[in-house]
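Colleague:
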Amino acid sequence: MQGQLFSFLDIPFPSYFVLLLAGFVFATVMGAVWAKRIGQDPDVMVDLGLAMLLSGVAGGRILHVLADGYFWDYVHLCTDPSQVSWPFTKAECLRVLPPDWLEQSLGMSQAGPRGRWDELANTCRPIERDCLAWAKFYAGGLTYYGGFLASSATAWWLLRIDRFPFWKAADAAGMIVAVGLGFGRMGCLLAGCCFGKPWDSPWALVFPPGSPASEWQEKAGLLEHDYEPSLPVHPTQIYESGAALAIAAFLILFLHERKRYDGHVFLAFVALYAGARAVLEFWRSDDRGGLLGLSTSQLIGVFLIIAALLVHRVLLGRKQHGLRAAAQ
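The sequence shown begins at 452 in the working numbering and counts up by one.
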């Protein structure tokens, strides 16, 4: 596990965010190359990539705040920090930490203990109110579907303004994003998030003390302390990375040359990834919110599969109607 990939000018760069950013850069470059090949303006793809990065991070953060089970923690951090319980030991709670890198750069904070220890509740509490904690995406906490939905809406709006063929661009995005997801989930592995359920197997992963997996297992009563190594768990990050790369290979090597209409590749990506993610969710163990026995990602995945099938019928019908009209 390597939560921080590197630091530059004393600014830490989290593994997940670095690989997420790398995926967007890869997608933007490939999108610009593809646009030039089909005779379109590549600058549109560059502008689109930047806009999708910003909207994707915002959407991913907002869905994390609303649906991952931490909403009231963010509310109480602003209104009443005494109601927030942090999963730290007493030593970790009282350990002096440097200020947040953004606050440090703005001169807004001084070094101090992480929190205050509540002896009665035997837990760590925040020292101060923080009404902007919900917005600190660089501290961790982004969801794929929030970013996907927000960036997709941004792409639709900007491509419409630029009069760029949306469904052609969507097909390219379906192939590129699938590859980016394959690498992005490796960022999750390095960060220790998106971990799986306990699993007794030689292929299982053990995360170090203080990792998200250890903290979750301690709260679930599976470990006595969160400073112990986690129990062996399913390597769900690797599962999802492999699934995304397999989908990318199918779209690039098979479907792209056989697509029946513009948008076919993108809709296949949406349905295939949503289905794979919904299945893999059964092996994940981190907090993700949910309803009716399904996680938030599974509920969104079901909606996306249905939506992809409906749009597929509409676009295929239009294509067939156009072919019949041309033949008459």
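Ideal Cβ positions, reconstructed from N, Cα and C, are used throughout, including at glycine.
Nearest to Val628 by alpha carbon, out of Val765, Val684, Leu767 and Gly500?
Modeller: What you label residue 628 is simply residue 177 of the sequence shown in a count that begins at 1. Closest option to Val628, Cα to Cα, is Gly500.
Colleague: Among His685, Leu761, Arg576 and Pro493, which residue has its Cα nearest to the Cα of Phe539?
Modeller: Residue numbering aside, residue 539 sits at position 88 when the sequence shown is read from its first letter. Checked all of His685, Leu761, Arg576 and Pro493; the closest Cα to Phe539 is Arg576.
Colleague: Please report the residue range of the alpha helix (DSSP H) in which Thr605 lies.
Modeller: Counted from its first residue, the sequence shown places residue 605 at position 154. Here the alpha helix (DSSP H) through Thr605 covers Tyr595 to Ile612.
Colleague: How many angstroms separate the CA atom of Ala624 from the CA atom of Ala759?
Modeller: The count along the sequence shown starts at 1 and reaches residue 624 at position 173. The count along the sequence shown starts at 1 and reaches residue 759 at position 308. If you take the alpha carbons of Ala624 and Ala759, they lie about 15 Å apart.
Colleague: In this structure, does DSSP put Trp667 in helix, strand or coil?
Modeller: Walking along the sequence shown from the start, residue 667 turns up at place 216. Looking at Trp667 - three-state DSSP - the assignment turns out to be helix.
Colleague: Using the C-alpha atoms, what's the distance from Leu774 back to Lys648?
Modeller: In the sequence shown, the residue the question calls residue 648 occupies position 197. In the sequence shown, the residue the question calls residue 774 occupies position 323. Rounded to whole angstroms, Lys648 to Leu774 spans 51 Å at the Cα level.
Colleague: Based on the DSSP secondary-structure assignment, which residues constitute the bridge partners of Arg728?
Modeller: Position 277 of the sequence shown holds residue 728. According to DSSP, which records beta bridges pairwise, Arg728 is partnered with nothing at all.
Colleague: Using the Cα positions of Ala695 and Ser736, report the straight-line distance between them to the nearest angstrom.
Modeller: One-based indexing of the sequence shown puts residue 695 at position 244. One-based indexing of the sequence shown puts residue 736 at position 285. Answer to the nearest angstrom: the Cα atoms are 20 Å apart.
Colleague: Look at the alpha carbon of Pro564 and the alpha carbon of Gly643, and state the distance between them as a whole number of angstroms.
Modeller: In the sequence shown, residue 564 corresponds to position 113, counting from 1. In the sequence shown, residue 643 corresponds to position 192, counting from 1. Going from the Cα of Pro564 to the Cα of Gly643 covers about 24 Å.
Colleague: Would Met503 and Phe468 be called neighbours here (beta carbons separated by less than 8 Å)?
Modeller: The residue given as residue 503 occupies position 52 in the sequence shown. The residue given as residue 468 occupies position 17 in the sequence shown. No, Cβ-Cβ distance for Met503 and Phe468 is not below 8 Å.
Colleague: Would you check if the distance between the CB atom of Thr574 and the CB atom of Ser506 is smaller than 8 Å?
Modeller: Position 123 of the sequence shown holds residue 574. Position 55 of the sequence shown holds residue 506. No, the pair does not count as a contact, with Cβ atoms beyond the cut-off.
Colleague: Does DSSP put Leu557 in a helix, in a strand, or in coil?
Modeller: Within the sequence shown, numbered from 1, the residue matching residue 557 stands at position 106. Reliability of the predicted coordinates at Leu557 is poor, the pLDDT of 41 falling under 50, and the value obtained from them is presented with this limitation in mind. It is helical.
Colleague: Is the distance from the Cβ of Leu514 to the Cβ of Tyr596 below 8 Å?
Modeller: Taking the first residue of the sequence shown as 1, we reach residue 514 at position 63. Taking the first residue of the sequence shown as 1, we reach residue 596 at position 145. The answer is yes: Cβ separation under 8 Å.
Colleague: Any idea which residues DSSP pairs Arg567 with across the strands?
Modeller: Taking the sequence shown and counting its residues from 1, the one referred to as residue 567 is at position 116. Paired residue(s): Arg576.
Colleague: Beta-carbon separation of Val762 and Leu718 under 8 Å?
Modeller: Residue 762 sits at position 311 when you count from the first residue of the sequence shown. Residue 718 sits at position 267 when you count from the first residue of the sequence shown. Cβ atoms of Val762 and Leu718: closer than 8 Å.
Colleague: Per the contact definition of three or more C-beta pairs closer than 8 Å, is the stretch 681-689 in contact with the stretch 646-662?
Modeller: Because the criterion of three Cβ pairs below 8 Å is met, the stretch 646-662 and the stretch 681-689 touch.
Colleague: Under a Cβ-count criterion, where at least 16 other Cβ atoms within 10 Å of its own Cβ denotes burial, should Ala572 be classed as buried or exposed?
Modeller: In the sequence shown, the residue the question calls residue 572 occupies position 121. Exposed, by the Cβ-count rule.
Colleague: Can you find a CB in chain B that lies within less than 8 Å of the CB of Arg764?
Modeller: Going by chain labels, chain B is absent from the structure shown, which holds only one protein chain.
Colleague: With DSSP as the reference, label Ser533 as helix, strand or coil.
Modeller: Working through the sequence shown from its first residue, we reach residue 533 at position 82. Helix, per DSSP.
Colleague: Indicate the three-state DSSP secondary structure (helix, strand or coil) for Gly693 in the structure shown.
Modeller: Numbered from 1 along the sequence shown, position 242 holds the residue referred to as residue 693. Three-state DSSP puts Gly693 in a helix.
Colleague: Helix, strand or coil, according to DSSP, for Pro649 in the structure here?
Modeller: Your numbering for residue 649 matches position 198 in the sequence shown. If DSSP states are grouped into helix, strand and coil, Pro649 belongs with the strands.
Colleague: So, does the stretch 603-619 touch the stretch 661-680, judging by three or more C-beta pairs under 8 Å?
Modeller: The stretch 603-619, when compared against the stretch 661-680, does not touch it at the 8 Å Cβ threshold.
Colleague: Can you tell me whether DSSP reads Arg711 as helix, strand or coil?
Modeller: To locate residue 711, count along the sequence shown from 1; it is residue 260. Arg711 falls in the coil class under three-state DSSP.
Colleague: For Asp531 and Glu732, what's the separation of their Cα atoms in angstroms?
Modeller: In the sequence shown, counting from the first residue as 1, residue 531 sits at position 80. In the sequence shown, counting from the first residue as 1, residue 732 sits at position 281. Cα to Cα, the separation comes out at about 33 Å.
Colleague: Which same chain residues, not among the five before or five after Lys541, have their C-beta less than 7 Å away from its C-beta?
Modeller: Counted from its first residue, the sequence shown places residue 541 at position 90. Trp568.
Colleague: Using only CA atoms, which one of Val547, Asp498 and Trp585 lies nearest to Phe522?
Modeller: Start at 1 with the first residue of the sequence shown, and residue 522 comes out as number 71. Of Val547, Asp498 and Trp585, the residue nearest in Cα terms is Trp585.
Colleague: How is Val547 classed by DSSP in three states: helix, strand or coil?
Modeller: Translated into the one-based positions of the sequence shown, residue 547 becomes position 96. It is a strand residue.
Colleague: To the nearest angstrom, how far is the alpha carbon of Val657 from that of Arg488?
Modeller: Residue numbering aside, residue 657 sits at position 206 when the sequence shown is read from its first letter. Residue numbering aside, residue 488 sits at position 37 when the sequence shown is read from its first letter. If you take the alpha carbons of Val657 and Arg488, they lie about 46 Å apart.
Colleague: Tell me which same chain residues have a C-beta within less than 7 Å of the C-beta of Val497, skipping the five on either side of it?
Modeller: Here residue 497 refers to the residue found at position 46 when the sequence shown is read from its first residue. Once the five neighbours on either side are set aside, the close Cβ partners of Val497 are Thr479 and Ala483.
Colleague: Go ahead and pull the three-state DSSP assignment for Phe468.
Modeller: Within the sequence shown, numbered from 1, the residue matching residue 468 stands at position 17. Residue state, collapsed to three classes: helix.
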